[in-house]
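J.: Residue numbers (the UniProt record's numbering), protein chains in the order written: chain A, 1 to 328; chain B, 1 to 284.
Note that beta-carbon positions come from the ideal geometry of N, C-alpha and C, so glycine has one too.
Structure provided below as structure tokens; questions to follow.
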């Protein structure tokens, strides 16, 4: 493990402490609202589920219930942002940016206003609600928009930090969150800067780069692979846009093989963003962990991550495959 | 802003703006004719009488805001803003040209005086709702206006915003609908029934005023009435004639998205010049 990342020692324990990234947002947005009275929160009838409830209790005058109207939520936020407010708009990622992408494109991004889009319940690990509620396209939808910043925290603490960084950023920001409790990886001391990736584990045979709670599976896979003689560099890349091209290029140069990991469609997502950098700087063999052009379905998160090949064993297999493809 | 307080002065300014629109569209070679022409009276009334705003107040937190939802009516707003001193009238010639500050659809980042960018229909009312809500949070009393087309009422998102404003009783919000009865594919009631707009808005908790959108006294009177209503948002349904002022464009939906050619522009300018002679001294 990279000491400079200040990861929690407990993250590779069998009974690893867990918390959902949405919980980190809930804590962070109350902190942000306490520090800065420009912060307002809008929610489309999912206040408790998106963890906006505590903010609405603490600052009722700065909380706006929108009803089930995600399109209007994005444009009302634009009007608020044009008038000095910093709106966080929270609902499930399938609805925002899913349903209101046009409003995000024109009202938020073309106007270049500072709105933070909270996309909750992203990824297949939403579980039993099934494919309709599992956002697997949101990173692609947001990262193609000019002015947009895209953040994908790996754990609750990083989500809390992402909220603060997004509040202090400029222009529209998308933060992707998960529903379920997932392993705590980072500590208060772990650095977080928009545009920067962090090396969680050093290694020189294969680089595993990705974002979101799946990074924990990458760490688990790396530990198993180390026992088999393959040394992996695990890079957590919470800032999908802007992207840390230098860290990615260095990983390609040092390891000469890359596996990307995400709970999202392969097309247009984190792996695509990494491939864009690698293809233009130092092309090396790559494998992609993520959703292969399919919808999800109902099931437990563990069952779904296993079936759709987004768990630690799938990452191990991808590493072994790309390791074989390396030019020696 | 030079405030115009007589009906005669306002009508002369509106006619000047109509002539600007024709000249701009001819030079641009593309753009929308009907909506901008029929909005000239409302735009003039707003920028030369109603709005508490000016080129010097662009960032004044207490200024009135106008959010244009139908971004394709850009020519009338550009001509009005230029005549109100936001940028040189000379610049109107650059409409839709590479490098211009006057984009094909309104763009707040390039054009001085434009409060929000728009084009994809059905978004401006929600933006105005947000602006008005910010005023509520801050205890401000500025007035927020949204300028909507009738055609964009096909968009569901408009009705989300109508519900929001009614629910939160946004009293400092005024929506003005350009009820010109045309949209790209034909008459509005043929393409998709809109009526009864009045009853629909009222059902959502709005106060509705219907006016002749070419009558300066009625436009300004309705805006004043709207300011005086303090318990609910106000919708002004302004009945207008598409392409107003140019006889071969009036009432014709085919002129929604097309510019005049050289001969048509010459004829249009001739008709508009002759209208100047028909404006008589009168008060509001």
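Classify residue 36 of chain A as buried or exposed, calling it buried when 16 or more other Cβ atoms lie within 10 Å of its own Cβ.
T.: Counting Cβ neighbours within 10 Å, residue 36 of chain A comes out exposed, since fewer than 16 surround it.
J.: Would DSSP call residue 258 of chain B helix, strand or coil?
T.: Coil, per DSSP.
J.: Which whole-angstrom value is the C-beta distance of residue 250 of chain B and residue 237 of chain B, which I expect to be below 8 Å?
T.: Not a contact, Cβ separation roughly 19 Å.
J.: Excluding the 5 residues flanking residue 10 of chain A on each side, which residues of the same chain have their C-beta closer than 8 Å to its C-beta?
T.: The residues are 16, 17, 184.
J.: Kindly indicate which three-state DSSP category residue 302 of chain A falls into: helix, strand or coil?
T.: It is helical.
J.: List the residues of chain B that residue 57 of chain A touches, going by C-beta distances under 9 Å, in chain order.
T.: Neighbours of residue 57 of chain A on chain B: none; closest Cβ ~17 Å, over 9 Å.
J.: On the criterion of 16 or more Cβ atoms from any shown chain inside 10 Å, does residue 2 of chain B qualify as buried, or is it exposed?
T.: So residue 2 of chain B ends up on the exposed side.
J.: Report the rounded CA-to-CA distance for residue 266 of chain B versus residue 220 of chain B, giving the unit in angstroms.
T.: Those two C-alpha atoms are separated by around 32 Å.
J.: Taking just the CA atoms, how far does residue 245 of chain A sit from residue 21 of chain A?
T.: So the two alpha carbons sit approximately 25 Å from each other.
J.: Go ahead and label residue 288 of chain B buried or exposed: buried means 16 or more other beta carbons lie within 10 angstroms of its beta carbon, across all protein chains shown.
T.: This structure does not reach residue 288 of chain B, given that chain B is present from 1 up to 284, and the question cannot be answered.
J.: What do you get for residue 233 of chain A, buried or exposed, if any count of 16 or more other CB atoms within 10 angstroms of its CB means buried?
T.: Residue 233 of chain A should be labelled buried.
J.: Any C-beta of chain B within less than 8 Å: which residues of the segment 101-113 of chain A qualify?
T.: Going along the segment 101-113 of chain A in chain order, one finds 102, 103, 105, 106, 107, 110, 111, 112 with a Cβ nearer than 8 Å to chain B.
J.: Does the ligand ZN have a heavy atom nearer than 7 Å to the CB of residue 255 of chain A?
T.: Judged by which ligands are present, the structure shown has none, so any question about the ligand ZN falls away.
J.: List, in chain order, every chain B residue whose beta-carbon is nearer than 7 Å to that of residue 334 of chain A.
T.: It is not possible to answer for residue 334 of chain A, since the shown part of chain A is limited to 1 through 328.
J.: Under 8 Å between C-beta atoms, does residue 33 of chain A make it to chain B?
T.: By this cut-off, residue 33 of chain A is not an interface position.
J.: Residue 170 of chain A: buried (16+ other C-beta within 10 angstroms of its C-beta) or exposed?
T.: Label assigned to residue 170 of chain A: exposed.
J.: Do you know whose CA, among A:79, A:77, A:90, lies nearest residue 55 of chain A's CA?
T.: The option with the nearest alpha carbon to residue 55 of chain A is A:90.
J.: Which residue marks the beginning of the beta strand (DSSP E) containing residue 291 of chain A, and which one marks its end?
T.: Here the beta strand (DSSP E) through residue 291 of chain A covers 286-291.
J.: Give a yes or no on whether the C-beta atoms belonging to residue 218 of chain A and residue 270 of chain A are separated by under 8 Å.
T.: Contact flag unset, no.
J.: May I ask you to list the residues that DSSP assigns as paired with residue 18 of chain A?
T.: In the DSSP output, where bridge partners are listed per residue, residue 18 of chain A has A:183.
J.: Reducing DSSP to helix, strand and coil, say where residue 191 of chain B ends up.
T.: In the structure shown, residue 191 of chain B sits in a helix (DSSP, three-state: H, G or I).
J.: Compare the C-beta of residue 297 of chain B against all C-beta atoms of chain A and say whether one is closer than 8 Å.
T.: This structure cannot settle anything about residue 297 of chain B, because the visible part of chain B is limited to 1 through 284.
J.: Please identify, using Cβ separations under 8 Å, the residues of the segment 212-243 of chain A that lie next to chain B, in order along the chain.
T.: Flagged: no residues at all.
J.: Just to confirm the assignment, what range does the beta strand (DSSP E) spanning residue 236 of chain A have?
T.: That run of the beta strand (DSSP E) goes 232-236.
J.: Suppose only complete runs of 4+ residues qualify. What are the alpha helix (DSSP H) ranges in the segment 36-62 of chain B, listed by chain order?
T.: DSSP runs (the alpha helix (DSSP H)) wholly in the segment 36-62 of chain B: 40-45.
J.: Does any CB atom of chain A fall closer than 8 Å to the CB of residue 57 of chain B?
T.: Not an interface residue.
J.: Near residue 47 of chain B, which residues of its chain fall below 6 Å by C-beta distance, leaving aside the five closest residues on each side in sequence?
T.: 80, 84, listed in sequence order.
J.: Which chain D residues sit within Cβ distance under 9 Å of residue 44 of chain A?
T.: This model lacks chain D altogether; the protein chains it does include are A and B.
J.: For the segment 113-126 of chain B, which residues have a CB atom closer than 9 Å to at least one CB atom of chain A, in sequence order?
T.: Answer set for the segment 113-126 of chain B: 115, 116, 117, 118, 119, 120, 122, 123, 124, 125, 126.
J.: Within 8 Å (strictly less), CB to CB, does residue 180 of chain A reach chain B?
T.: Cβ-Cβ to chain B under 8 Å: no for residue 180 of chain A.
J.: Using a Cβ-Cβ cut-off of less than 7 Å, list which residues of the segment 88-108 of chain B approach chain A; keep chain order.
T.: Per Cβ criterion, the list reads 108.
J.: Report the three-state DSSP secondary structure of residue 240 of chain A (helix, strand or coil).
T.: Note: residue 240 of chain A maps to strand in three-state DSSP.
J.: Run through the DSSP bridge pairs and tell me what residue 235 of chain B is partnered with.
T.: For residue 235 of chain B, which the question treats as bridged, DSSP gives the partners B:175, B:208.
J.: Is the shortest distance between the beta-carbon of residue 85 of chain A and the beta-carbons of chain B less than 8 Å?
T.: Yes - at least one Cβ of chain B is within 8 Å of the one on residue 85 of chain A.
J.: What residue ranges within the segment 1-62 of chain A form continuous alpha helix (DSSP H) runs of no fewer than 4 residues, ordered along the chain?
T.: Counting only runs of 4 or more, we get 21-35, 53-58.
J.: Given that a residue counts as buried once 16 or more other Cβ atoms are within 10 Å of its Cβ, and exposed if not, what is residue 187 of chain B?
T.: Residue 187 of chain B comes out exposed.
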